[in-house]
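Numbering (the numbering used here), first residue to last: 231 to 421.
In this text, a Cβ means the ideal position worked out from N, Cα and C, and glycines have one as well.
Structure follows, in structure tokens:
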């Protein structure tokens with residue numbers, strides 16, 4: 231197996247075999263990152279492709295000592311590309327207005343209502359994927375990328391309070407969907 235440093239070195243030299251290897255190593259994981267920020271798999275694949283074009287274009291500036299791991303560097307490029315894609319396509323998307331969901335989500339969901347029954351990872355990811363776009367972006371940036379509300383506000387051109395509100399609504403939406411899944415599961419066990 232070729233070392234990661236050798237692959238990076240060969241990528242910097244423009245060797246397509248090394249670029250292919252780097253892509254095969256990181257693309258599956260980065261597709262998961264892109265899926266969290268996009269509406270569907272096709273869009274995520276487009277963001278992934280654009281991200282790797284940027285990776286290979288800028289690999290010469292990558293320095294293990296200054297920028298950390300190559301995986302973290304690629305991830306940052308994927309997240310930034312997904313955010314740019316969101317901004318660029320926002321005016322063309324026909325999304326459901328977030329305010330419509332206000333009536334469908336209870337203001338508070340009692341944590342005691344959620345049972346200890348485990349839920350499959352795929353179902354949780356699907357619930358997150360089904361969040362309205364604004365909620366999903368804020369939730370992903372806050373939870374997975376560990377941005378502060380001010381960083382999210384700066385990135386999405388919203389106020390920090392809007393970020394906090396959207397995170398709270400995203401969590402409430404997720405809790406409601408988990409509760410629905412658990413209720414359906416408990417009913418199916420009885421029947």
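With 16 as the cutoff for other CB atoms within 10 Å, does residue i come out buried or exposed?
i	result
residue 405	buried
residue 231	exposed
residue 299	exposed
residue 237	buried
residue 355	exposed
residue 376	exposed
residue 370	buried
residue 241	buried
residue 380	exposed
Terminal residues of the continuous alpha helix (DSSP H) containing residue i?
i	result
residue 311	300-319
residue 247	246-267
residue 374	It is not in any alpha helix (DSSP H) - residue 374 carries neither H nor E in the DSSP assignment.
residue 355	351-359
residue 288	271-288
residue 236	234-242
Taking the alpha carbon of residue i as the reference point, which residue from the options has its own alpha carbon closest?
i	options	result
residue 399	363, 301, 270 and 411	363
residue 253	234, 269 and 265	234
residue 360	315, 411, 269 and 289	269
residue 259	378, 317, 282 and 396	282
residue 311	380, 369 and 273	273
residue 309	292, 285 and 290	285
residue 288	413, 244, 387 and 412	244
residue 425	380, 382 and 315	Here the chain has residues from 231 to 421 only, and residue 425 is not among them.
residue 350	412, 319, 265 and 313	412
residue 266	407, 408, 365 and 409	365
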